[in-house]
Amino acid sequence: MPRLSPKENLLRAIRYDDPEWVPRCNEPTMVGIAYEGNFRVACWTDAWGTHWETTRDDMVPFPKGHPLPSLDALAEFAFPDPDVMFVLSEDAKSCLARAEKEDQLIFGQQTYLLFERAWALMGMEAFMEAFYTHPEEMHELLGRITDYNIRIFERYMEAGCHGVSFSEDLGAQRSLMISPDLWRRFFMPQYARAFEPVKRAGGLINFHSCGCVQDIVDDLVALGVDILNPIQARANDLAMLKRVAHGRMALQGGVDTQHLLMLGTPDEVAIEVRRLIDLLAPGGGYIIGPDQGMPFPPANLQALWRTAAEYGRYDAPHLREQRAPACRQTP
């Protein structure tokens, strides 16, 4: 019998504090809720004025209509009121009320946090140009978006969430979409502002970015990020991520979707899962799962979860003797 509940085991893994097994993304421990104006899987126009379009019923929509194509018009742009926007559904309230009984961690979700929100407002080309043509206005835009996010995060913590999660895709396949220096100058100070009320309340920061983010992992640690997901396998040096994050930030994901889970065999999946556990799990700090969400072949997904459950035990010889240098002090 396990000596820890899945929730306590997950928290110990995040803290590098002697977990019993490698947590799995299919465990019903991390649960997300969102306020009603946050996102829709539909063709719609959101409160920011961004128009979203979807081409398939099983795919998320993509921003196609951009209400702020030039920062020359920033002074006239109407930002939404976060207190008006923040309305929790009855289902979300019930989820919060059941959290303790069901031994779950509840994360308040924010779709399109800062980098993504800004380019959705402007369009990617205009957004990229504005760092050089309108740097002061870009700082102002990012600050105003962050003001909105701060209040949303405060409301989530006031509602009883254990942390926040958000989408913020920063990486392409081989690098960040902007230089690390540009990211540090324009974005890092705003993240610090946004995360402060969450950290002050003892909450967890679950930072989602697809693509190559390895050049800013140290910065994410410095910002107090608790979990980085989904550590895309073919876009990052996973061994380097482990070295940099070890003892300081947990990593989630890492199982290759592009070639392995979609096109491989169950035996190949099992081999890769064991390799990843050997690489990323020693000492804690790893939550295993796919590095993208896709309609996977069921046999491959079953091989992932079965192998992870069998091989990802910290009392097994391949993990037992490898300990973290220090425990993290997170909630």
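In terms of our numbering, the sequence shown opens at residue 3 and continues consecutively.
We put the CB at the ideal spot given by N, CA and C, even for glycine.
What you are looking at is a predicted structure, and each value in this text was computed from that prediction instead of being measured.
Which of helix, strand or coil DSSP assigns to residue i
i    : result
K103 : coil
P82  : coil
P333 : With a pLDDT of 36 at P333, under the threshold of 50, the predicted position of this residue should be treated as unreliable, and no value is reported.
Q112 : strand
S96  : helix
T217 : Looking at the sequence provided, one finds Asp at residue 217 rather than Thr. Looking at D217 - three-state DSSP - the assignment turns out to be helix.
D239 : coil
V223 : helix
M61  : coil
M3   : coil
A203 : coil
V89  : coil
Check whether residue i and residue j have beta carbons under 8 Å apart
i    : j    : result
P199 : G125 : no
V49  : P63  : Position check: residue 49 holds Ala in this sequence, whereas Val was assumed. No, Cβ-Cβ distance for A49 and P63 is not below 8 Å.
L243 : V257 : no
V215 : M251 : no
P84  : Y150 : yes
Q335 : P232 : Missing from the structure shown is residue 335; the chain here goes from 3 to 333 and no further.
L98  : A161 : yes
L282 : L240 : yes
R119 : I147 : yes
G266 : N302 : yes
I273 : C27  : no
A122 : L73  : no
L144 : L116 : yes
Y316 : R276 : no
Q192 : L230 : no
L222 : A194 : no
H68  : T57  : no
D269 : H320 : no
P25  : L6   : no
P292 : L263 : yes
T31  : K66  : no
Per DSSP, cross-strand counterpart(s) of residue i
i    : result
I229 : N208, A252
H53  : T47, G67
Residue i at chain B interface by Cβ criterion, 8 Å
i    : result
I147 : Reference to chain B is not applicable here, since this structure consists of a single protein chain.
Start-end ranges of the alpha helix (DSSP H) lying completely within the region 115-153, minimum 4 residues: 117-124, 126-135
Contained beta strand (DSSP E) runs [length at least 3] in the region 253-331, N- to C-terminal order: 288-292
Every unbroken alpha helix (DSSP H) within the region 150-199, with a cutoff of 4 residues, ordered by chain: 182-188
Length-filtered (3 minimum) beta strand (DSSP E) runs lying within the region 11-50: 32-35
Cβ pair count under 8 Å reaching 3, the region 206-226 against the region 153-169: yes
Touching by the beta-carbon criterion (3+ pairs, under 8 Å), the region 274-290 and the region 18-32: yes
Segment contact, 8 Å Cβ cut-off, at least three pairs: the region 104-118 with the region 151-164: yes
Contact between the region 176-183 and the region 90-108 (3+ Cβ pairs under 8 Å): no
Validate contact between the region 73-92 and the region 33-40 using beta carbons, cut 8 Å, 3 pairs: yes
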